[in-house]
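Going by full-length UniProt numbering, the sequence shown opens with residue 1, and the numbers climb by one from there.
Following: one structure in structure tokens, then a few remarks.
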Amino acid sequence: MTRHARNTAYLEYAKGVDAPAKSYNGVTLDTSKWSASMVKSFSIKAKVKFNNMNSNYPHLFWGEDSGTFAFCVHGLGPAYGGRKGETAYYLATAKGIGPHGRGLDNGQGWIGTGNKMDDGQWHDFEVAKYGTKSAIFLDGHKVEASIAAGKTEADFIMKPVTTLRIGTAKEGTGFEGDIGDVVITAEGKQVFPEPPPPTAKAAAAGAGAGCTGSLLPGNTSCDEQSVEDCKGKYTELSPGVYSHCDVSGGQCLATGPICKTGCRGKRRVKRDYELPAWLKWLEGSSKHLRVRMREWEDGLWRKSSGWHGHDLIHSPQSAVYIPCYFYSPAEKMLQGPVCFGPGAESHRGLCHGGAMTSAAASGEKNDHGDPAFDDLLGHLAFLAAGEGPWSGATVQINCKLCKPVRVGQTLLLEGHVAKQERKKVFVEARLVGETGEVYGRMDGLSIVGAKMQEEDSELDRRQWHFDEAKRAIVDSPDHRHLL
Numbered sequence: 001m002t003r004h005a006r007n008t009a010y011l012e013y014a015k016g017v018d019a020p021a022k023s024y025n026g027v028t029l030d031t032s033k034w035s036a037s038m039v040k041s042f043s044i045k046a047k048v049k050f051n052n053m054n055s056n057y058p059h060l061f062w063g064e065d066s067g068t069f070a071f072c073v074h075g076l077g078p079a080y081g082g083r084k085g086e087t088a089y090y091l092a093t094a095k096g097i098g099p100h101g102r103g104l105d106n107g108q109g110w111i112g113t114g115n116k117m118d119d120g121q122w123h124d125f126e127v128a129k130y131g132t133k134s135a136i137f138l139d140g141h142k143v144e145a146s147i148a149a150g151k152t153e154a155d156f157i158m159k160p161v162t163t164l165r166i167g168t169a170k171e172g173t174g175f176e177g178d179i180g181d182v183v184i185t186a187e188g189k190q191v192f193p194e195p196p197p198p199t200a201k202a203a204a205a206g207a208g209a210g211c212t213g214s215l216l217p218g219n220t221s222c223d224e225q226s227v228e229d230c231k232g233k234y235t236e237l238s239p240g241v242y243s244h245c246d247v248s249g250g251q252c253l254a255t256g257p258i259c260k261t262g263c264r265g266k267r268r269v270k271r272d273y274e275l276p277a278w279l280k281w282l283e284g285s286s287k288h289l290r291v292r293m294r295e296w297e298d299g300l301w302r303k304s305s306g307w308h309g310h311d312l313i314h315s316p317q318s319a320v321y322i323p324c325y326f327y328s329p330a331e332k333m334l335q336g337p338v339c340f341g342p343g344a345e346s347h348r349g350l351c352h353g354g355a356m357t358s359a360a361a362s363g364e365k366n367d368h369g370d371p372a373f374d375d376l377l378g379h380l381a382f383l384a385a386g387e388g389p390w391s392g393a394t395v396q397i398n399c400k401l402c403k404p405v406r407v408g409q410t411l412l413l414e415g416h417v418a419k420q421e422r423k424k425v426f427v428e429a430r431l432v433g434e435t436g437e438v439y440g441r442m443d444g445l446s447i448v449g450a451k452m453q454e455e456d457s458e459l460d461r462r463q464w465h466f467d468e469a470k471r472a473i474v475d476s477p478d479h480r481h482l483l
């Protein structure tokens, strides 16, 4: 679990939060129609002010189902000693996993804000549950915790919540203050306040009118877009059901109206990359297995697992794009296409030197790193010598560029393990054109087992699964649905 110490910048931020437009303190909400979605993932955003925390458990939010506890958010009063003034959040899992059945693998199964709130000031506040994690946000500071390694999203389903009590609506807890501008989302869709109805024009057209704008690719949802990029997008809510995106409550959400596809506007549907004819042999090779990593293919899962943006190399919008890799275990060789897009251009029609080479972090005068070479070096080491994804780090790359690459060109990137000395993996690689011409060569070094994260999570403990029947390597057994 990550906690953030109280600091001056935080205090200055807190003083700058405006009062809410509407108070919801004392309100009880019927959440029965959202419960099936909330148990999987939800967020509650609000502006909160504690006048004091003289009571031990002053409640902000209390979720239940006919008296059966589902989740709780409350201040920490005198009973919590030095943590008095913070706010805590925890939930009850349907399967009863984790400490006290709360799921989170962090001692008592709850998380706290770290910073304190008993100052009589307004604060931006949010609690959320997504994937295998829970998080609490206070004035831009995030504290997050996960369930135990080996557990899945299915284990972290929350107990049903059909009633939500806000502030003093939960009697006897001693809350003194106010709660306003409450916004609730369930599975990425705003459910409270209810999004505004469609315009008269849209209503006249009827639900199921043609979608306009751009369909977000794959499993990407409206709330993964910035407010600036929200307009003109629509997303698939469930198979065959689509919704337009719009700004509501200060964020991009699937507000509707519901629409149907095959209509106006540009459609962007995620499909498997199709190899060019001269590289199709990789798919038919009996020696090669395709590498399938979920963070490259599942946008919602990627976001819920802690990534902040798109992959530098494995996203279609990247200037230098590697759509897929094929690995030969017997040869310890990794191969895949590399597409050089318009974003890599410098000299007219040719790729920028910055897209091909960049100063290596090693600091050695003659060492250079190509982003594609760097990517291959790391993943080849993970596959050949590591137990799973991200099980090491690239520490040195030497490149020699032999021939300029044209914008729009696709080359074959291939590398093999030249030798291994305990945790050191030495790789040699090259970029090759359709007729066999060499555009660049590389040798480099990765260290297997190098830790890049401050704290381990279940993501760091994933292991490779070699599926001969599917001719693929997956990063976890539950990733097989993408094959």
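Note that beta-carbon positions come from the ideal geometry of N, C-alpha and C, so glycine has one too.
Model, not experiment: these values are computed from the prediction.
Excluding sequence positions up to five before and after Thr-87, its CB lies within less than 6 Å of the CB of Gly-75, Thr-113, Met-117, all in the same chain and listed in chain order. Under the three-state reduction of DSSP output, His-379 falls in the helix class. Per DSSP, Ser-146 is not a residue of any alpha helix (DSSP H); the beta strand (DSSP E) it occupies stretches across 141-146.
Note on Trp-464: 16 or more other CB atoms within 10 angstroms of its CB, so buried under the neighbour-count rule.
Distance check between Leu-413 and each of Leu-383, Thr-394, Pro-323, Val-474 places Pro-323 closest, using alpha-carbon atoms only.
Listed as beta-bridge partners of Met-158 by DSSP are Thr-93.
Looking at the backbone, the Cα of Gln-108 and that of Ser-23 are separated by about 32 Å. Listed as beta-bridge partners of Pro-195 by DSSP are no residues whatsoever. Closest in C-alpha terms to Pro-276, from the list Gly-408, Ser-55, Gly-309, comes Gly-408.
In this chain, the alpha helix (DSSP H) harbouring Leu-282 covers 281-284. When beta bridges are read from the DSSP output, Arg-430 appears opposite Glu-414, Arg-441. The C-alpha of Leu-350 lies about 11 Å from the C-alpha of Lys-403. Taking all protein chains in view, the Cβ of Lys-133 is crowded by 16 or more other Cβ atoms within 10 Å, so the residue is classified as buried.
Residue environment for Ser-226: exposed (fewer than 16 other C-beta atoms within 10 angstroms of its C-beta). Segment contact: the region 427-435 against the region 283-299, fewer than three CB-CB distances shorter than 8 Å; contact not assigned. Per DSSP, Lys-49 is one residue of the beta strand (DSSP E) stretching across 42-50. Apart from the 5 residues on each side of it in sequence, Ile-184 sits with its Cβ closer than 6 Å to the Cβ of Ile-44, Val-191, Phe-192 in its chain, given in chain order. In this structure, Ala-92 sits away from Ala-128, with a CB-CB distance that is not shorter than 8 Å.
For Trp-296, no beta strand (DSSP E) segment is defined; the enclosing uninterrupted segment is the alpha helix (DSSP H) at 294-297. For Thr-168, the secondary structure class from DSSP, reduced to helix, strand or coil, is helix. Residue environment: Ala-472 is assigned as buried (16 or more neighbouring CB atoms within 10 Å of its CB, all protein chains considered). Between Ser-35 and the set Tyr-57, Lys-47, Asn-52, Asp-65, the nearest pair of CA atoms involves Asp-65.
Under the three-state reduction of DSSP, Ala-70 is assigned to strand. Secondary structure at Lys-231: coil, using DSSP grouped into helix, strand and coil. Listed in chain order, the non-local C-beta contacts of Lys-303 below 7 Å within the same chain comprise Glu-224, local neighbours out to five positions each way being set aside.
Phe-61 sits in a strand when the DSSP states are folded into three classes.
Counting only residues of its own chain and dropping the five nearest sequence neighbours on each side, Lys-40 has a CB closer than 7 Å to the CB of Ile-157, Glu-187. In the DSSP annotation of this structure, Ser-305 is not part of any beta strand (DSSP E), being labelled neither H nor E. The DSSP-derived three-state label of Ser-214 is strand. With a contact defined as Cβ atoms closer than 8 Å, Trp-122 and Val-241 miss out at about 38 Å. Note on Met-53: 16 or more other CB atoms within 10 angstroms of its CB, so buried under the neighbour-count rule. Of Cys-252, Glu-171, Leu-237, Ser-248, the smallest CA-CA separation from Ile-258 is found for Leu-237. Between Gly-392 and Gly-306, the C-beta gap is not smaller than 8 Å, which leaves the two residues out of contact.
Just measuring C-alpha positions, the residue of Lys-95, Lys-151, Ser-55, Glu-126 sitting nearest Thr-168 is Ser-55. Phe-50 is the residue among Ser-318, Phe-50, Pro-195, Gly-210 whose C-alpha sits nearest the C-alpha of Gly-77. Each residue's CA atom was taken as its position, placing Gly-131 and Ala-319 some 30 Å apart.
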